[in-house]
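This note's numbering applies: residue 219 is where the sequence shown begins, and numbers increase by one. A short write-up of the structure that comes next.
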Amino acid sequence: MPVTGPKQKLVTMTVTGGFAGVNQKVVLRGDGSVLAEDKGDPVVRRTSAVQFTELRTLLGDPALDDVPEFTINTGAADLFQYALQFDGRTVMTDRSADQPALDRLIDALGEWLPGH
């Protein structure tokens, strides 16, 4: 995927739910900047070249193609819900299903969420 600049969103992850009512978002942009929001309060940070390469590698994992668009355990309570938009698709999960490629991406993006 060619990188065009700060307006290009490579991936957006929104985390909601949980007992405390979390509502956080992280956006990795084409210039290596990361926009993180916690209930609407934005902070922009910059990845290092190594971090940007790692995130791009995780996004390029072919195993992500096999991840279902919706894996939510409707019987579970107080789980966080993750909505990821990348490669023209949206994936929603509460991480109750075993999806290693998606979990690695969520973990890496989670490092950029406010409070980490």
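Ideal Cβ positions, reconstructed from N, Cα and C, are used throughout, including at glycine.
Classified as exposed, Lys-257 has fewer than 16 neighbouring CB atoms from the shown chains inside 10 Å of its CB.
Residue pairing of Thr-234 in beta bridges, as defined by DSSP: Asn-241 and Gln-299. Boundaries of the beta strand (DSSP E) around Val-252: 251-256.
The C-alpha of Pro-260 lies about 18 Å from the C-alpha of Ala-301. By the neighbour-count criterion, in which a residue is buried when 16 or more other Cβ atoms sit within 10 angstroms of its Cβ, Arg-263 is exposed. In the DSSP annotation of this structure, Val-268 is not part of any beta strand (DSSP E); the continuous alpha helix (DSSP H) holding it starts and ends at 267-277. Rounded to the nearest angstrom, the gap between the Cα atoms of Leu-253 and Leu-273 is 14 Å. Of the residues Lys-225, Thr-230 and Ala-267, the one whose Cα lies closest to the Cα of Gly-328 is Thr-230. The Cβ atoms of Gly-236 and Phe-298 sit closer than 7 Å to each other. Judged by beta-carbon spacing, Leu-331 lies within the 7 Å limit of Val-244, meaning their Cβ atoms are closer than that value.
Around the beta-carbon of Gly-333, fewer than 16 other beta-carbon atoms lie within 10 Å, marking it exposed.
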